[in-house]
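*Asks:* In the numbering used here, the protein residues as written are 1 to 475. We put the beta carbon where it would ideally sit given N, CA and C, even for glycine. As the structure is a computational prediction, the values presented were derived from the model and not from experiment. First, the structure itself, so that you have it in front of you.
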């Protein structure tokens, strides 16, 4: 119950939060939340080595790792400090290792290791406990007959990487979790190590506070556009002979409108686009000075509705999911996660599932209860009969940065704007992979190449080369 209550409290109170762009003079963990700590326009830096656009979990991860690796100055710009529309505040914070591609598995393992040492990594004083409410618990993925072969291939890759995941037959699943209807299940995959869920908002706060202690700047404001160096840079692609040369200006400054109406410019050497669901809007501003036609950034807003439901426990004859209930990922796209010890469960449709005819969302974040009645409830009643009469306790929605081409993140240098790095399009997986993505971007800034995990396959160039990154474990 605590998880749901605290999440809703954040949502209602988000409009009252204010933050500052100044460097703290003390190591107070919650200095951002002190009532007297107000935003100051006169403290906006005139220049910064790196500007990070987007103050969600990915943006603050980038800032944290940049300052962790070097003395490079970094400034984070966020228009909505409350993150009231973002999955960084309202997401479920799942962590799993059961993927079909090694990069995703390696990133999940990196996150798991980071969370195990989170006090060492993110505490800001000896007395500070950098807790993010991590619940180590397994994920159970259910496959129908069409996805059995893919699940077996995924398992072989996971076994080669020495993951302790295992395949289960329907009888084994039913014996362990008798409340599940496995009539149409042909195979299941279960991982009980390096998996679980955590509070993403607490992770944002911890990354932000530690980055601030490290010396990162924070600016509250709306990006209005960019300025360019006067001389155009003629970009020739020696490694891409079929791509014509392009007159691509180099970005010089970001124009920011502050909450009090002022307009400021911040000069930078590198800019990182971590704006999530709004990263395409930032990209359009950055490309305004490019005369040639350039393919747009394939990232759009996708609204995800999350419902908290409670079974009718008065039906004593039924089997109900209990404290041992795993996070269930059904082949139909249904997702179910226990909410602490309250007896409630979060249910939603998997945000990485492609949906036919789905276009970019508006800014409307009202909950679509039709989705629950028409899509979620029938699937839920079929998979867990005891949940057929479950009642909605609360609901909310958030935006994910959805990549409609291959539902995978876009990470790395932009192919035309050489001083812009992209870190967006995670399609619902950004929370669990934010820490390694931030590390990878920091490595690009500091070393000009990846060192920890090679994420080259996530580059924008894959769309030109016709080699999309297909993560097949999106049940």
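What do you reckon, are the CB atoms on residue 45 and residue 217 nearer than 8 Å?
*Replies:* yes
*Asks:* Tell me whether the stretch 385 to 403 and the stretch 291 to 308 touch, counting them as touching only if at least three CB pairs, one residue from each stretch, are closer than 8 Å.
*Replies:* yes
*Asks:* On the CB-based measure, 16 or more other CB atoms within 10 Å of its CB, does residue 311 come out buried or exposed?
*Replies:* Flag for residue 311 reads buried.
*Asks:* Mapping DSSP to helix, strand and coil, what is residue 102?
*Replies:* helix
*Asks:* Spatial neighbours of residue 367 within its chain, please: C-beta separation below 7 Å, excluding the five flanking residues on both sides.
*Replies:* 305, 395, 396 and 397
*Asks:* If you check the beta carbons only, do residue 142 and residue 194 fall under 8 Å apart?
*Replies:* no
*Asks:* Consider the Cβ of residue 215: report whether some Cβ of chain B lies at a distance smaller than 8 Å.
*Replies:* The structure shown contains no chain B; it is built from a single protein chain.
*Asks:* Among the candidates 300, 226, 276 and 298, whose CA atom is the shortest distance from the CA of residue 265?
*Replies:* 226
*Asks:* Tell me which same chain residues have a C-beta within less than 8 Å of the C-beta of residue 381, skipping the five on either side of it?
*Replies:* Same-chain partners within the cutoff: 387 and 388.
*Asks:* Answer yes or no: do residue 51 and residue 214 have a C-beta to C-beta separation smaller than 8 Å?
*Replies:* no
*Asks:* Does DSSP put residue 59 in a helix, in a strand, or in coil?
*Replies:* helix
*Asks:* Just tell me which of 384, 426 and 293 has its CA closest to the CA of residue 337.
*Replies:* Residue 337 has its Cα closest to that of 384, out of 384, 426 and 293.
*Asks:* Report the rounded CA-to-CA distance for residue 279 versus residue 76, giving the unit in angstroms.
*Replies:* 14 Å
*Asks:* So what's residue 136 in DSSP terms, helix, strand or just coil?
*Replies:* strand
*Asks:* Any idea if residue 332 is buried or exposed, counting beta-carbon neighbours within 10 angstroms, 16 or more meaning buried?
*Replies:* Buried is the call here.
*Asks:* Determine the burial state of residue 29: buried for a count of at least 16 other Cβ atoms within 10 Å of its Cβ, exposed for fewer.
*Replies:* In this prediction, residue 29 scores a pLDDT of 40, lower than 50, which makes its location untrustworthy; the coordinate-derived value is nonetheless stated afterwards. Its Cβ being crowded by 16 or more others within 10 Å, residue 29 is buried.
*Asks:* Using the beta-carbon count (16 or more within 10 Å), is residue 323 buried or exposed?
*Replies:* By the 10 Å Cβ count, residue 323 comes out exposed.
*Asks:* CB-CB under 6 Å to residue 263, same chain, minus the five flanking residues each way: which ones, in chain order?
*Replies:* 257
*Asks:* Which of the three DSSP states, helix, strand or coil, is assigned to residue 461?
*Replies:* helix
*Asks:* Between which two residues does the beta strand (DSSP E) harbouring residue 226 extend?
*Replies:* 222 to 228
*Asks:* Compute the Euclidean distance between the alpha carbons of residue 300 and residue 59, then round it to the nearest angstrom.
*Replies:* Our two residues, residue 300 and residue 59, have alpha carbons roughly 18 Å apart in a direct line.
*Asks:* What residue range does the beta strand (DSSP E) around residue 410 cover?
*Replies:* 410 to 413
*Asks:* Candidates 283, 96 and 183: which alpha carbon is nearest residue 192's?
*Replies:* 96
*Asks:* Over the uninterrupted beta strand (DSSP E) stretch that includes residue 484, give me the two end residues.
*Replies:* Any answer about residue 484 is impossible in this case: the structure gives the chain only from 1 up to 475.
*Asks:* Using the Cβ count rule (16 or more neighbours within 10 Å means buried), how would you classify residue 270?
*Replies:* buried
*Asks:* Please report how far the alpha carbon of residue 318 lies from the alpha carbon of residue 178, in whole angstroms.
*Replies:* 10 Å
*Asks:* Sort out for me which residues DSSP pairs residue 218 with in a bridge.
*Replies:* 76
*Asks:* Secondary structure at residue 483, three-state DSSP: helix, strand or coil?
*Replies:* Residue numbering for the chain in the displayed model covers 1 to 475; residue 483 lies beyond these limits and cannot be assessed.
*Asks:* Any idea what DSSP makes of residue 474, helix, strand or coil?
*Replies:* In the three-state scheme derived from DSSP, where H, G and I count as helix and E and B as strand, residue 474 is classed as coil.
*Asks:* Starting from residue 420, follow its DSSP beta bridges and name the residues at the other end.
*Replies:* 271
*Asks:* Nearest CA to the CA of residue 168: which residue from 161, 162 and 176?
*Replies:* 176
*Asks:* Given a cut-off of 8 Å on the beta-carbon distance, is the pair residue 446 and residue 69 in contact?
*Replies:* With respect to the 8 Å criterion, residue 446 and residue 69 are classified as neighbours on the basis of their beta carbons.
*Asks:* For residue 73, which residues of its own chain have a beta-carbon under 6 Å away from its beta-carbon, when the five flanking residues on both sides are left out?
*Replies:* 48 and 49
*Asks:* When burial is assigned at 16 or more other CB atoms within 10 Å of the CB, is residue 291 buried or exposed?
*Replies:* With fewer than 16 other beta carbons inside 10 angstroms of its own, residue 291 counts as exposed.
*Asks:* Measure the alpha-carbon distance for residue 105 versus residue 187 and round it to whole angstroms.
*Replies:* 20 Å
*Asks:* Can you grab the Cα-Cα spacing for the pair residue 182 / residue 438, in whole Å?
*Replies:* Their Cα atoms are separated by approximately 39 Å.
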